[in-house]
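Quick note on numbering: the numbering used here labels position 114 of the sequence shown as 102, and the sequence is numbered without any gaps.
We treat Cβ as the ideally placed atom computed from N, Cα and C, and that holds for glycine.
Quantities reported herein were computed from a predicted structural model and do not represent experimental measurements.
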Amino acid sequence: MTLAANITLAALVQQVLVGLSRTTILFIVASGLSLVLGVLRIPNVAHGSLYMTGAFVTYTVATLFGQSTLGFWLALIVAPLVVALLSFLVERGLFCHLYEREHMMLLLFTFAFSLVIGDMVKLIWGSDYRSLAAPLFLQGSFSISGFPFPRYNLFLLIIGPLVAAGLWFLTNKTKIGKIARAAAVDREMVGAIGINVSWVFAAVFVIGCYLAGLGGALVAPTQNITQGMDHAIIIEAFLIVIIGGLGNIWGALLGALIFGLTDSIGILIWPQFAIVFPYVAVVIVLLFRPKGLLKSTW
């Protein structure tokens, strides 16, 4: 059964699954950016650099344990925490004094922060690329209608819904999540009832950056870990946040789905110009929904 001359239904299903696994990475990174943007009103350009840092720390931790299965799991735990600790130090040392400044100043500051992180990564790990193999039980592939599908991609398909469920629980069922949602709407009122808004902002910023580190950790076995890997992801993450609705986490999920699936299906339809498909989708969405698909918190 074919959909076009050289496109079979089985090939389409395979590409959709590949697109969904890529969506997982995009959603994890974009949701962290959206969380920070929605509550703190900070367009964190350094988010991509934190993602890159997470990937390099994952490589280091996994390599210390011989890239074993234990090393992989430890790296998934340690790398996002290292990124979260770095972001906490920066937030308490610098960001917390700048929340009342104009957005342009915050944008420039986070850009400067991204340059600092880039130089730090270069000093520690050098400019050579690194590669990390997935643990043995996630190596190889299984067949879907005669087409191979990587086991690691299946792992990503499992992780994605777990992260989404965790974010839903955090924002809707926990005290810090409810306070953060209130602060996003009226931070002055939250402060007036005796809540330390500064520490709420710190918690939200750290959680958002933790997600960037987690995205970097998860992507490490799927591509070369190198300087510059932050550039593409930050552009994609901002586009996803914009088409989903500024600060809306579920909009980030919807935007990541659109971006990931159009990219994957574009490879099947027109491989030479596959990179164009997600950006065409962004243009189409913004033509009909200039403020994003879901309600913006701005």
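In the displayed model, Ser19 falls within a helix according to three-state DSSP.
According to the DSSP secondary-structure assignment, Ile132 is paired through a beta bridge with Phe135. The region 253 to 271 and the region 209 to 217 do not touch, with fewer than 3 CB-CB distances between them shorter than 8 Å. For the pair of segments examined, the region 11 to 24 was found not to touch the region 45 to 64: the number of CB pairs separated by less than 8 Å stays below three. Of all alpha-carbon atoms in Pro209, Asp218 and Ile231, the one lying nearest the alpha-carbon of Tyr140 is that of Pro209. About 6 Å separates the beta carbon of Tyr198 from that of Val71, a gap short enough to meet the 8 Å contact definition. In this structure Ile237 does not touch Leu281 by the C-beta definition: roughly 13 Å separates them, more than the 8 Å allowed. In this structure, the straight-line span from the alpha carbon of Leu275 to that of Val268 is close to 11 Å. Counting every other CB atom within 10 Å of its CB across the protein chains shown gives Leu124 a total below 16, marking it as exposed. The continuous stretches of alpha helix (DSSP H) do not include Thr210, and DSSP gives it neither H nor E. By the Cβ neighbour-count rule, Asp218 is buried, with 16 or more other Cβ atoms within 10 Å of its own. Counting every other CB atom within 10 Å of its CB across the protein chains shown gives Tyr117 a total below 16, marking it as exposed. Its Cα nearest to that of Ala220, the residue Val33 stands out among Gly26, Val33 and Gly7. Here the alpha carbons of Ile183 and Gly248 stand approximately 39 Å from one another. For the pair of segments examined, the region 173 to 191 was found not to touch the region 13 to 22: the number of CB pairs separated by less than 8 Å stays below three.
The residues Leu14 and Phe247, in chain order, have a CB closer than 7 Å to that of Glu224 in the same chain once the five nearest residues on each side in sequence are set aside.
Cβ neighbours of Pro138 within its own chain (closer than 6 Å, five residues either side excluded): Ser129.
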